[in-house]
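Visitor: Input: one structure, supplied below.
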Amino acid sequence: MAPARRGGLKGVYRQRKKAKPAPRKKQPSKDVQQQQQQQGGVAGGATGTEEAAGYGAEEEALRQFDMDASYGPCIGVARLRRWDRAAAMGLRPPPHVRDLIILRRHHHHGDECLWAGKV
């Protein structure tokens with residue numbers, strides 16, 4: 001009978017150490033951040049992708065609601081109906097999202113999810 005190996009598969013499949021992480025970049029000082037804010041920069045405010053995409057904090061909150069699977073599926077279901085269903089099931093969806101959905105419906109922006117017409 002062959003002698004038992006200690007460590008099981010560790011002797012057969014050796015583990016490799018991960019490479020050291022790259023050095024971190026220095027964060028801009030508070031003075032630089034204040035100057036960027038005064039000049040309309042990105043520091044502390046909306047990210048560049050939000051500005052480039054043309055949506056702000058309200059749309060971001062709605063998109064986060066659409067992407068959160070804990071409130072149920074969003075494809076083929078209007079946002080308000082999904083919010084009401086999640087509330088009825090006791091999932092406690094954010095109340096401010098319901099207000100945003102109703103406000104957008106009132107302004108004829110529709111209440112379809114992020115994926116409407118794309119999937």
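Each residue of the sequence shown is one higher than the last, beginning at 1 in UniProt numbering. Beta carbons: idealized from backbone N, C-alpha and C, even for Gly.
(1) Rounded to the nearest angstrom, what separates PRO94 and ARG85 at their Cα positions?
(2) Would you kindly work out how many angstroms separate the C-alpha atoms of ARG105 and HIS96, rounded to a whole number?
(3) Please state if the CB of LEU62 and the CB of ARG79 are separated by a distance shorter than 8 Å.
(4) Can you give me the Cβ contacts of CYS113 inside the same chain, cut-off strictly under 8 Å, excluding the 5 residues immediately before and after it?
(5) Among residues of its own chain, excluding the 5 on either side of GLU58, which ones have a beta-carbon nearer than 6 Å to its beta-carbon?
(6) Specify, as a first and last residue, the run of the alpha helix (DSSP H) that LEU106 falls within.
(7) Let me know if TYR13 comes out buried or exposed under the rule of 16 or more other beta-carbons within 10 Å of its beta-carbon.
(8) Which first and last residues belong to the alpha helix (DSSP H) in which GLN64 is found?
(9) In the DSSP assignment, find the alpha helix (DSSP H) that holds LEU91 and state where it starts and stops.
Guide: Taking the definition as stated:
(1) Start at 1 with the first residue of the sequence shown, and residue 94 comes out as number 94. Start at 1 with the first residue of the sequence shown, and residue 85 comes out as number 85. Spanning the two alpha carbons is a distance of roughly 13 Å.
(2) Residue mapping note: residue 105 aligns to position 105 of the sequence shown, counting from 1. Residue mapping note: residue 96 aligns to position 96 of the sequence shown, counting from 1. Distance between the alpha carbons of ARG105 and HIS96 is about 14 Å.
(3) Numbered from its first residue, the sequence shown carries residue 79 at position 79. Numbered from its first residue, the sequence shown carries residue 62 at position 62. Against a cut-off of 8 Å, the Cβ pair of LEU62 and ARG79 comes out as a contact.
(4) Residue mapping note: residue 113 aligns to position 113 of the sequence shown, counting from 1. So the list reads ASP66, CYS74, ILE75, VAL77, ALA78, ARG79, ARG82, once near-sequence residues are dropped.
(5) Your numbering for residue 58 matches position 58 in the sequence shown. LEU100, listed in sequence order.
(6) Mapped onto the sequence shown, residue 106 falls at position 106. It should be pointed out that residue 106 corresponds to His in this sequence rather than to Leu. Here the alpha helix (DSSP H) through HIS106 covers 95-106.
(7) One-based indexing of the sequence shown puts residue 13 at position 13. So TYR13 ends up on the exposed side.
(8) Taking the sequence shown and counting its residues from 1, one reaches residue 64 at position 64. Looking at the DSSP string, the run of the alpha helix (DSSP H) that includes GLN64 is 57-67.
(9) The residue labelled residue 91 in the question sits at position 91 within the sequence shown. Run containing LEU91: none; DSSP gives neither H nor E here.
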